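The structure appears right after this line, and notes come after that.
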Amino acid sequence: MADTKKASGGSTIGLRIGAVILWIAALVMEFFAISTIMDTVSVGFIAALVEKVCDALKSTDGRLYVMVGLLVVDAVFVIIGAQLWKNANHINPASEKNKALFWLWNNMGVVVAAICFIPFIVLLLKNDKADKKTKAIGAVAAAILLAISGLASYDWNPVSKEDLAAQGVSTVFWTQYGTKYHTHDDCSAIKNSTTITSGTLDEAVTSKKEAECKICEKRDAKALAALEWDAHKAEQNAPAVQEEPAA
Numbered sequence: 051m052a053d054t055k056k057a058s059g060g061s062t063i064g065l066r067i068g069a070v071i072l073w074i075a076a077l078v079m080e081f082f083a084i085s086t087i088m089d090t091v092s093v094g095f096i097a098a099l100v101e102k103v104c105d106a107l108k109s110t111d112g113r114l115y116v117m118v119g120l121l122v123v124d125a126v127f128v129i130i131g132a133q134l135w136k137n138a139n140h141i142n143p144a145s146e147k148n149k150a151l152f153w154l155w156n157n158m159g160v161v162v163a164a165i166c167f168i169p170f171i172v173l174l175l176k177n178d179k180a181d182k183k184t185k186a187i188g189a190v191a192a193a194i195l196l197a198i199s200g201l202a203s204y205d206w207n208p209v210s211k212e213d214l215a216a217q218g219v220s221t222v223f224w225t226q227y228g229t230k231y232h233t234h235d236d237c238s239a240i241k242n243s244t245t246i247t248s249g250t251l252d253e254a255v256t257s258k259k260e261a262e263c264k265i266c267e268k269r270d271a272k273a274l275a276a277l278e279w280d281a282h283k284a285e286q287n288a289p290a291v292q293e294e295p296a297a
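Read in order, the letters of the sequence shown are residues 51 to 297 in the working numbering.
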C-alpha cells in the first residue's frame, strides 16, 4: 500500500514578484543589446566588453557576438519569468468570463517576449549605420529567440476559477517524479507508486505538477456530466406547481 504524505503550501505573491523582476531584467538586456547597434545609446561597460571581445578575437565581430549573447540572456530571463507567472496562474487562476483578459493574463509572458525582441529588430533593421552582416545575423537571432520565448511562455493548459469550481476538489495527489496531479488516489497512473503525496491544488502546482492527469480529467468530466444529467432529469420529473387563480 502506498504511503501518503501531506505537502506544505506556497504563495503566488513571490512567484509573481519573481516573474516581474526577471522580465525587467530581460528589458534591461534588450536595452544593452540596442546599445551595441546604436551610436546614440551608450552604456560604458557594454562598450568596454565589446572592445575586450574584439581584442580577444582579433576581429571587429566582437560587437556582433556581444549583441547575440545579450539577446540569449534576454530570452532566458523572459522564459524563466514566464514559468513563474504560469505557476502562479495555476495556483490562483483568473476568471474566464472575459475571454480576452483571461488569455492576456495567462499569456503575459508572450506579451513580454514581444516587447523584449520586436523593438530591437525594428531598430536594427532601420539603423543605416549597421552593416548587412550585423542586420542579417541580429534580426534572425532575435526572431528565433522571440519564437522560442513566445512558445515557451504560452500556457497550453490554462486553468480558470470556473474549472476549479466545477471540479470541486479540495485534495489532489501526486508522486515525486510525476508531472501531473491526480484528483483520485486510486488513479491507475499512481496506484502502484510506493509514495503518494496529498495536498491542495496550490501545493501540487508549487511542486511543479501544473496540469491534471488525463485519466482523472476524463473521469471527472464523466462524473460531472452524470451529475448534470441527474439534475436535468430531476427537474423534468419534478411536479408542476399550479398557479392559484387570482382573486
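All residues carry an ideal CB built from backbone N, CA and C; glycine is no exception. Model, not experiment: these values are computed from the prediction.
Strictly by DSSP, which residues pair up with Glu262? In DSSP, Glu262 forms a bridge with Tyr231.
Distance check for Leu121 and Cys266, CA to CA, integer angstroms please. Each residue's Cα considered, the two are about 41 Å apart.
Using the beta-carbon count (16 or more within 10 Å), is Glu262 buried or exposed? Buried: at least 16 other Cβ atoms inside 10 Å.
Could you have a look at Met51 and say whether DSSP puts it in helix, strand or coil? Low per-residue confidence applies at Met51: pLDDT is 46, beneath 50, and the placement is therefore not dependable, though the value from the model is reported in the following sentence. Met51 falls in the coil class under three-state DSSP.
Within a Cβ cutoff of 8 Å, which residues of the same chain sit near Ser85, ignoring the five residues on either side of it in sequence? Once the five neighbours on either side are set aside, the close Cβ partners of Ser85 are Val91, Ser92, Val93, Ile96 and Ala97.
Hey, how far is the Cα of Glu80 from the Cα of Asp124? Computed Cα separation, rounded: 6 Å.
Ranges of the alpha helix (DSSP H) found wholly within the stretch 113 to 186, counting only runs of at least 4: Whole alpha helix (DSSP H) segments, 4+ residues: 149 to 156 and 158 to 176.
Beta-carbon proximity list for Ala83, same chain, < 7 Å, skipping 5 on both sides: Annotation for Ala83: Met117, Leu120, Leu121, Asp124 and Phe170 place their beta carbon closer than 7 Å to its own, counting only its chain and skipping 5 residues before and after.
If you drop the 5 nearest sequence neighbours on each side, which residues of the same chain put their C-beta closer than 7 Å to that of Leu99? Beyond the five residues adjoining it in sequence on each side, Leu99 comes within less than 7 Å, by CB distance, of Val116 in the same chain, given in chain order.
Using only the alpha-carbon positions, how far apart do Leu196 and Lys108 sit? Taking the straight line from one Cα to the other gives about 30 Å.
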